[in-house]
Amino acid sequence: MDEVIASGERPLPYAHIKRRQRRNKKITEEGQRPRPATLREHISAQRAIPTELNASDLQAAHGGYSAKGGDTRGSKKRRSLPELLGLGFELIRWDGYESRPIVDAHGRIVAALAGQPRGPDYAAAAARAFSALETERKAANFKAEMAQHRRGGYVALNVGLSYGQGQRAPSLLRNGAYGALLSRLVGNADVIRLATFASAAFALWAPSLYQYYKKYDDALHQNLPHLQRNFPKSIFSCASFNFGPNAWTFKHRDVLNLPFGWCAIQALGPFDPTQGGHLILWELRLVIEFPPGALILLPSATMTHSNVPVQEGDQRASFTQYTSGAIFRYVDNGFRTEEELAAQDPVEYKRVCEQKETRFRMGLGLLSSIDDLLKPIGKTAQQ
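In terms of the UniProt record's numbering, the sequence shown opens at residue 1 and continues consecutively.
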């Protein structure tokens, strides 16, 4: 109750507070689960975007914890919509609200245009989140070299868990002079709302994959309870704030993310999505309108992606969430490095190594079809 009063909101009835506490406890224990009404509203075979892709052909690295790098030729080239259409890409027009799954040749949902909640309330939250990023950007006076990296010509700050480069265990990223800035953004109520929605959408479109993430996330935090989550109701272990005023990515793959996993991308800012900001999916030959506030879920490690820049005078930023494949490897190794596992338990090390041969195939088996998603409400894709 004290938290409600401190927020400036009208105090909630005690019964309402208890219901909220029960819901939060259930989410902590079971994860986010879509209600039947949500399934009926959003899952439709008629809205699916079919492709010729076989997800098994996506390029995972040996072991199934990371992906192979893609072709980098021309990766930094600025692409326009007319140019892409001339190259044979299909334009997907999208209002940013209606959910549209992308399916491969075997009916697996490999990505999802998850949209955003309807109504002015959520749109206002997304607009305020962009304003918060802009306020921090202008106050921070970022150094020019921070906007020079392999993903694009914009400043990106990451927050959450890091594991790799000789680390013996996962730890929180050290953000130095930008730690306070990131703490403000992570604690921003509108950013929290976006993060929570993205995680819930992941649970909707890939429930088995979501539960896989939850299993590992729970195990990690039980073993390392001092590691603080970015957001209380988000399954992802790391987030990136991609600052404007014109954030667009080069052609790339995020190869260190779990190769069969998904990342969540939310577009922010006042821009015309018919003129710029499109998401380009290179293997699928799709260029997708990506309106402000909307969410797209995709396997960013194995699916090459980039953006069309927004038109002059428009502004764009983005907010992404993801989990490194190395986090999953650490849990599979019994909360040890691979070298420690080999030295301490050769039998278990041999078993873990054998699983590397089939891990990516196992992960693809966690993807859902339209029929899988409709099964809980007794429907099929043909109905």
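By construction, the Cβ of each residue, glycine as well, lies at the ideal position given by its N, Cα and C atoms.
Asked                                                                                                                   : Found
Whether Ala-126 touches Leu-297 by CB criterion (7 Å)                                                                   : no
Distance, Glu-41 Cα to Tyr-97 Cα                                                                                        : 12 Å
Alpha carbon of Phe-231 to alpha carbon of Glu-136, nearest angstrom                                                    : 19 Å
Helix, strand or coil at Ser-56 [DSSP, three-state]                                                                     : helix
Reference Phe-360; option with closest CA among Gln-228, Leu-39, Arg-193 and Gly-63                                     : Gly-63
Pair within 7 Å by beta-carbon distance, Leu-194 and Val-159                                                            : no
Delimiting residues of the alpha helix (DSSP H) encompassing Phe-287                                                    : Reading off the sequence, residue 287 comes out as Val, not Phe. From DSSP, Val-287 is part of no alpha helix (DSSP H) but of the beta strand (DSSP E) over 286 to 288.
Coil, strand or helix - Asp-325 by DSSP                                                                                 : Note on residue identity: the sequence assigns Gly, not Asp, to residue 325. If DSSP states are grouped into helix, strand and coil, Gly-325 belongs with the helices.
Neighbourhood of Ser-75 by C-beta distance below 7 Å, restricted to the same chain and skipping five residues each side : Phe-250, Lys-251 and His-252
Distance, Ala-15 Cα to Tyr-154 Cα                                                                                       : 47 Å
Cβ-based burial, Asp-332 [other Cβ within 10 Å; buried from 16]                                                         : buried
Distance, Phe-236 Cα to Tyr-213 Cα                                                                                      : 8 Å
Option in Lys-68, Trp-94, Pro-270 and Glu-348 with minimal Cα separation from Leu-58                                    : Lys-68
Counterpart residues of Gln-266 in DSSP-defined beta bridges                                                            : Leu-295 and Phe-319
Residues that DSSP places opposite Cys-353 in a beta bridge                                                             : BP columns for Cys-353 are empty, so no partner.
Reference Gly-261; option with closest CA among His-226, Val-310, Gly-365 and Tyr-330                                   : Gly-365
Exposure label - His-106; buried when at least 16 CB within 10 Å                                                        : exposed
Segment limits, beta strand (DSSP E) that includes Pro-82                                                               : Where Pro-82 is concerned, there is no enclosing beta strand (DSSP E), although the alpha helix (DSSP H) it sits in stretches over 81 to 86.
Secondary structure of Leu-366, DSSP reduced to three states                                                            : coil
Check whether Val-110 and Ala-48 have beta carbons under 7 Å apart                                                      : no
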